[in-house]
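K.L.:
Take this structure first; my questions come after.
In our numbering, the protein residues as written are 60 to 397.
See below:
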């Protein structure tokens with residue numbers, strides 16, 4: 060199901076949560092609403108679900124106006140950050156809940172509900188937990204159960220609000236891959252809210268970057284990362300060095316043992332080993348500028364072990380300037396501040 064958000068606004072008192080947002084989400088797309096806290100992404104998600112009223116604008120599902128439709132008429136599944144499972148119900152009953160509360164003329168039979176729930180439990184690989192209660196399963200399992208409950212009613216749209224925010228890093232990584240696989244199998248239009256840049260870049264077909272109630276940029280993960288429309292997007296999507304009003308990402312800083320081209324001497328302040336990545340904090344000696352370089356294992360082996368207090372030669376391979384037309388502009392060598 061395709062979704063169109065048409066000039067939508069929402070205020071909470073004097074606070075403008077959503078400011079004249081226009082957005083098109085193609086049918087079957089996996090869309091990430093990405094932004095800092097307070098950017099409006101959860102409010103927008105709740106308006107799509109029908110859980111929040113609009114002050115102005117329209118929301119269309121497949122070109123049909125659903126702005127004033129009740130939640131139950133929208134055929135959406137909603138997964139909350141903290142699962143929202145019923146503590147007094149078993150895993151089976153939690154998943155079956157949406158089916159059991161359907162109007163009588165639409166409600167499946169008990170046998171049909173049982174078959175549907177066990178199919179979903181098998182689908183999420185938790186059929187052995189059917190009779191347990193939420194307090195007896197892990198956080199990752201709770202999130203799978205919450206997703207199965209949302210899928211039980213066969214929604215046309217799946218909405219997820221910070222679905223992995225309450226989980227530890229390892230479980231989050233596992234569930235990212237799992238959820239993406241689920242989407243590939245079901246092809247349901249999926250919208251998920253996150254403030255985690257890596258999560259959005261890894262999972263989404265389309266990223267919608269939001270800030271202060273507005274859509275700042277929409278595009279594929281590669282587009283928003285490589286061609287950010289302004290300084291906010293550039294800085295929000297990853298680590299950044301600021302050099303005299305211009306910017307460079309740590310992985311675009313080259314380090315050598317000997318001077319080469321436009322390189323300059325720098326002193327190593329600290330070395331951080333982060334798995335297969337090495338982050339090195341340095342100070343540029345001639346301008347007293349603190350910056351960071353990021354090397355993969357291969358590049359780190361090429362330069363050899365680096366220790367705090369050592370001197371190396373650094374080069375900024377690509378500086379970015381947002382002063383002109385708010386676009387990314389690699390600076391020509393002759394304009395380099397170095």
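For every residue, glycine included, the Cβ atom is placed at its ideal position computed from N, Cα and C.
Do residue 154 and residue 188 have their beta-carbon atoms positioned less than 8 Å apart in this structure?
P.N.:
no
K.L.:
Output the boundary residues of the beta strand (DSSP E) element that contains residue 331.
P.N.:
323–333 is the span of the beta strand (DSSP E), which, as asked, contains residue 331.
K.L.:
Compare the Cα-Cα distances from residue 358 to each of 267, 334, 226, 314 and report the closest residue.
P.N.:
314
K.L.:
Under the three-state reduction of DSSP, which class applies to residue 140: helix, strand or coil?
P.N.:
coil
K.L.:
Tell me the residue span of the beta strand (DSSP E) that contains residue 220.
P.N.:
216–220
K.L.:
If you pair each beta-carbon of the region 312–327 with each one of the region 269–282, do three or more pairs fall below 8 Å?
P.N.:
no
K.L.:
Using the Cα positions of residue 190 and residue 184, report the straight-line distance between them to the nearest angstrom.
P.N.:
14 Å
K.L.:
Just the C-alpha distance for residue 77 and residue 96, rounded to the nearest angstrom, thanks.
P.N.:
13 Å
K.L.:
I'd like the span of the alpha helix (DSSP H) that includes residue 65, first residue to last.
P.N.:
Premise fails: residue 65 lies in the beta strand (DSSP E), 62–71, not in any alpha helix (DSSP H).
K.L.:
So what does DSSP say about residue 184, is it helix, strand or coil?
P.N.:
coil
K.L.:
Are residue 104 and residue 67 touching if we call contact CB-CB under 8 Å?
P.N.:
no
K.L.:
What number of angstroms, rounded off, separates the C-alpha of residue 206 from the C-alpha of residue 138?
P.N.:
6 Å
K.L.:
Excluding the 5 residues flanking residue 265 on each side, which residues of the same chain have their C-beta closer than 6 Å to its C-beta?
P.N.:
88, 90
K.L.:
In the DSSP assignment, what residue or residues form a beta bridge with residue 278?
P.N.:
266
K.L.:
How should residue 288 be labelled, buried or exposed, when 16 other C-beta atoms within 10 angstroms of its C-beta is the threshold for buried?
P.N.:
buried
K.L.:
Could you tell me which of 306, 295, 291 sits nearest to residue 408, measuring between CA atoms?
P.N.:
Nothing in the structure corresponds to residue 408, since the chain is present only between 60 and 397.
K.L.:
Please specify which runs of the alpha helix (DSSP H), each continuous and at least 4 residues long, are wholly inside the region 350–377, giving them in chain order.
P.N.:
356–362
K.L.:
Would you tell me roughly how many angstroms separate the C-alpha atoms of residue 298 and residue 122, rounded to the nearest one?
P.N.:
Near 40 Å, if we compare the C-alpha coordinates of residue 122 and residue 298.
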